[in-house]
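Chains as they are written, first to last, in our numbering: chain A, 1 to 485; chain B, 486 to 970; chain C, 971 to 1455; chain D, 1456 to 1940.
Even glycine gets a Cβ: it sits at the ideal position worked out from N, Cα and C.
The structure under discussion appears below in the form of structure tokens.
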């Protein structure tokens, strides 16, 4: 059981990454590489399932980084075969200690054979589904919402696995990008809103499904296209890619925070370079919230592209005012009191000789609880900065996400309880400005900004407008914006 | 026994970092933090020795990162007391498999009490010393050259440990920055040329010795001054810092590669910001070797400051054309063939959407064997770059270092066997330019460049001019420049 | 995943031991002790489930010995509460590599709350049940037959867990001694034939269920009585022990091999001391098969009580002719060729000075494949014995067990293919005699021997008369005695 | 660092076993088997050094059992070559936590090449030697007395290693049986009194040295002879065995406790079977201290041979009244309070059905602190025994051993502070009798008992007559018998 991270890193976290491949020798090796490239989407644990004609299904699920678990010959030899899928996950905040049976992919043996599924997203009616399934005699092995899907499939009356999956997913509300496999077929699905990403790639004779394109690059696969919102693809060596749209069509609402922070800057989503969107956010931010200063510095590493954009638009020199320690890991087992209290100083150090006496603009991607922002401000002032101006590459984060992102409870979100001015005072900086929601949409490729009547993205964390009602949470007492205001 | 890194990272490597503190409670905790901040100077192993009035000397030496070994309460409780020193090390290229008894600090029990020493540098007459000591009945426990010092001390006729250390070091040739301790005193020494860095800091009532200032920052210590070349300081809670200069005075020859690559950019050495020196190298390089292009991209992470300087001087936009995977570690145990062949792609990915169709200037800190440079060039061209121009922030590396840096044998250094033009053709890039030795000296604070008669720095890796004759190597057949040319 | 034992130890193996307790603080600690005392019933893996009013159900399942897993404070603190059950298991011969999800107790969440079960025995219609359950939408997590029970319970229409368990067990054929638990109740059941043992104990205010009485002794519990064949007890702190007999009554058929080898000699089963039964087997054997000799030596350790009895009846001195190495474990990871070939010599050594020139009677509990018997004979002759006579404390083992014992396939049982004389010749000993089935029954408390029409025990491994038809095996082609002969 | 055993097992412990072989392929594999057979002489740690013409010296030292460390192919491949020696050790009572650098064999590089030594025994003037060596500039790496030998060798003026060893051992007082090796030669030495055992064996073309003959048996080696007290043998493939007697001759004083407890019963020492000596002790004891009773039961496992002898002489039936749990290990990491309090009940259980109402004679090998004896008596009475009579197969243990045995301080030895009657009362048994010293000598082959003027054995632990003055201990204040009385 891995220890929790005692260090507040004060970010929202993507909860999962998925990857699958069919039609290549030793498919699991490719999955390991793909998951390594998707590690930023989930660092707590990973799993791979493969199928081989002789050996049947095999599965390995482990806590820790992909590179520490899925790189050794002896382990990878236990995952033979030409088809494999995998999953990396981040632990959810509220849960009890992590247990290996919660690690995906999940596997189920049906009367027509086995299937494994890996799920990125979150099922908003999982509690209700689980109650119903238990009532009817299903036995759950994990605390994961995703396990509902495999039980719904087990009870479907359909005769093959893709149809059973359709059956199951029609009962499911929320966000899902799924990669699944049978003995010979790989299946990819995105929910009708397409909240989470999923892309299709090709390498030699093999087909690939991946959360992001950066994982295609590492195995040298070509990016064919994105899986569409509401699309299901069934892929086999024999028949190639077969596409259907089993759900009622809806206008897509891709997660805009994927552009702000979750996805890797070298990925391309919906035809847009994530890096370029982030740089453009910096440009917009420099226009919206200019300030006189000597240096523009990113908060490493996620603030870098926006800081470059801000510097380019403002003409203020870009500089590395904060240096990241490359040897910092995520977790410490039973740390000393001193280590526990170090927090961000274990990871970041101010470039004192550079900062001293300077007016500094710090560009960060987001402010969640604000605890890290305060510590960074302290470090910068200790180093002798004349002024500190925060520029944030996203609007204030005011609402929790229920679609597969680990968010603190609403009352812990700084922007849920304070105005921008109050936050500025709370953080003790000379100025604090967030990009506007319209500015963010413009940077993300909507020249006219946000379409208020029918927004182009899911931006519930900023706007409180949830495209799918979070029914489990409402049952538990969560008040949506309309209720709250 | 840790596995060797199967991945060519194609850099020179500092072999060690040292840190010590006296006069604070739980001194070993501070040492752990200091070593974490010095981890870039040695990733293979680390050790800490502490002394407590009740418990005597205690020592822990481990393979792996500081953060994985020296952060747990249960371990740190075995290192009590108000005085402690520590060491991180990089394995030397030629040695057999790493063994824990080669990990420093080394400890010796003398008739007047115990002493521990941690050594950064390299003893160039170690083989001769070792032969002599064995002949006289000393038993070596390690294959490390540094162990000679403790045996020389054991056989000294002096009555106290600092004087025994003086005695010992007068027999030693080469480069050394040493932090040592007795039951109550911390000792710091730099060789007469001052090849390796060593700085003095102060935190509350405690005194600190450290390879670099970045390790003072992490514990909140003030940078008092650098230890001088040829200086020995003996520090105790009771008497504070006592300084002597036991060696014959010589003109200092600090390692210029510390500025180019080894030291962290947030450190200050000899009064100069490492970051600023590197940025200035980029400025000089843009003046010396301009080229028309669309983007200036660093090779992450070491090329970043010079790339910023190059962009600022040339006016060509700075961009993140190569993205580093943050979850890449150094070593893999028994890796699969596929992992073994991935090499740099496990660590770096090209930002394809940005690079496509562009003329790209890549700024890197150095070219050693050139293997990584070729792979990066291939990745950039595969992504569709129109042109690739390499600009290198150091002169061609033509000679091995014998003063504590891990260098390949001379014949494996690309620049030892090829001209700049041949290297350009070998790497297959549109242009390749190195900064001149004079340009480097200017960036490092010598406005008139290198003083040919009496160079201000040690630059043997570029010039072949060794300030201390590498006598062990000459005995083994190494030909110095004069001999070779 | 534990490695398989490369050393033929040539015994039948009990597959499981079960233990539970309710009504004491830190119940899991008692379970750990009880399982330690039952370790001889299963060495591969163990598991404990506990329930606490605040913490709910907790579960730990591990490969390896109880003493290596369930003794540390930090682990046992994760298993709080006044009720707990546990299980030790031996791996079944034919299965693939062991996986942790096959380790019991199994847990299921039902609509009226959770339940955990630990099963000793074997379900002879498990394949048919599993097929049916999967057809109806159950998802199996393990390859264990015992998991059927929890799925049958999940689908029962009864309103409480004990009734659901009755419902489930009425569908189950074969042998079972089960210890189960809900949040507040412990449940014990034995199949109608009572093939496997299960006893009831009392310690302070707590009630205990255990496979054997030796596990009552270790926690200082009093042996109250055996659970009856076909009996179900439901035990709670509040209501004490409630007993029902939910199955159609049948005459009991307790496993006679428990007396011969499986149970510990310090246990009492059905009112009989196991040690005394074994000693009495030696007495019967000396009467049935006397021989002139100098020494009676046990094959350690299981042959000791019968050897003592043989010596007492015959008057031939008892001696330790074979010495066991106490530091021998069960498994070796990736052993050298030499270790692999050592086999029994790693564990046993002949007392050469004692044996030389002597006529030796060796008393062993059973002959399964005969491989170990041959090696022991070789060792004894190498040491210079004049004659070697084998006396075996059980009849020839001719048939596999399907009721929870790990037996080789029938063709590998020496006695399935050879007569007693052929075996004697095959083993190369001066004489070989097995106790008769009647003699065994007499030693086990039936003064008139075996009741041929209605045997008092299950002795299928000797007689081929299976009291429950092994339907899964018959479906796979197994031929019972009538069919075979 | 292995945890200390929290369970009082209340025995004296041999501190070491040694084994070496020359002239066979993969010599280290034989050493591993030999050490496994000698594991009873030291369970804490073990080490093997081998030499190969290509690879030079290699060494592996590990905490834990031989079977857990020295059986894997991958490890044993690191120990190639035709010559190897090994050592198992028990930790000494008073020392701080165990550290790997204290684990033997010790290795030293001399000007004429390397040598490794493994030492069984104890150097009684080690403190004085260590002081002198440090004064002259030797650096000790361990806290082990045995390291003195290698430093004395390093400073010898002799030209070859066997002569240096003679030189060194002439300075050493105390008990030593040493197995050492150079690149091509194996050396065996016993101190002039021959306190510890050492035997010579032969297997194919290879020569073996071992603490006991049971380790010859496991590799199929023939027992050639014992090494004589004061003898040094130098053995090579080329020249065979060369014997010298470098020390001043003295009458031998072999440790009589090797016969009582330390050695394995299947070993032959000085021409006597250890098993037979122990059985004979039981016979003598039955003559010296008869008592009416129903059963004679050994305290497992060490009391078994004497119990057999007692039963045979007295005619009272032999029975297994106490059953040992085979799955008990020596150490527990961070055990729960309950485990800590279990003590002997984790290991032993009374055979209640057998014992109830009976008059029981318990035969044990020795009484050290008496703590275990009390617990066993309690268990026996709890089980309903009518009477309990202890018969002890050694005289009262009144004095500590300074020749390589782990003994409690004198004041903790029960017999040092109580008479036999007081002990009987303290233990709460119906009678308690120890064998007489003369009876023990008779059983050990001296028909006329102990020669008071010149005893045939070292029996200092019983008599307080130390054949070599324990000079280090006397310096620390230990009072010998003459002084004490």
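With distances taken Cα to Cα, identify the nearest neighbour of residue i among the options.
i	options	result
residue 517 (chain B)	B:552, B:923, B:507 and B:538	B:552
residue 549 (chain B)	B:575, B:853 and B:566	B:575
residue 294 (chain A)	A:320, A:284, A:347 and A:274	A:320
residue 298 (chain A)	A:313, A:178, A:168 and A:365	A:365
residue 440 (chain A)	A:325, A:257, A:73 and A:241	A:257
residue 1183 (chain C)	C:1213, C:1234, C:1152 and C:1157	C:1234
residue 846 (chain B)	B:807, B:820 and B:629	B:807
residue 1115 (chain C)	C:1128, C:1129, C:1096 and C:1130	C:1096
Look at the alpha carbon of residue i and the alpha carbon of residue j, and state the distance between them as a whole number of angstroms.
i	j	result
residue 1324 (chain C)	residue 1379 (chain C)	38 Å
residue 1456 (chain C)	residue 1225 (chain C)	In the structure displayed, chain C extends from 971 to 1455; residue 1456 (chain C) sits before or after that span and is not available.
residue 540 (chain B)	residue 1231 (chain C)	53 Å
residue 436 (chain A)	residue 284 (chain A)	9 Å
residue 1912 (chain D)	residue 1874 (chain D)	24 Å
residue 1309 (chain C)	residue 1526 (chain D)	7 Å
Taking only beta-carbon atoms, is residue i less than 8 Å away from chain D?
i	result
residue 626 (chain B)	yes
residue 1039 (chain C)	no
residue 619 (chain B)	yes
residue 1060 (chain C)	no
Since residue i is in the beta strand (DSSP E), which residue starts that stretch and which ends it?
i	result
residue 438 (chain A)	Where residue 438 (chain A) is concerned, there is no enclosing beta strand (DSSP E), although the alpha helix (DSSP H) it sits in stretches over 437-443.
Are the C-beta atoms of residue i and some chain A residue less than 8 Å apart?
i	result
residue 1133 (chain C)	no
residue 1454 (chain C)	Summary for residue 1454 (chain C): the model assigns pLDDT 44, below 50, so the residue's position carries little reliability; its value from the coordinates is reported in the next sentence. No, no contact with chain A.
residue 610 (chain B)	no
Shorter than 8 Å from the beta carbon of residue i to some beta carbon of chain C?
i	result
residue 108 (chain A)	yes
residue 488 (chain A)	Given a span of 1 to 485 for chain A in the structure shown, any question on residue 488 (chain A) remains unanswerable.
residue 1492 (chain D)	yes
Taking the beta carbon of residue i as the centre, do at least 16 other beta carbons fall within 10 Å, making it buried, or is it exposed?
i	result
residue 510 (chain B)	exposed
residue 1047 (chain C)	exposed
Could one say the Cβ of residue i lies closer than 8 Å to chain B's Cβ atoms, at least one of them?
i	result
residue 1572 (chain D)	no
Grab the span of the alpha helix (DSSP H) containing residue i for me, first residue to last.
i	result
residue 1765 (chain D)	1759-1769
residue 1197 (chain C)	Careful: residue 1197 (chain C) lies outside any alpha helix (DSSP H) and carries neither H nor E.
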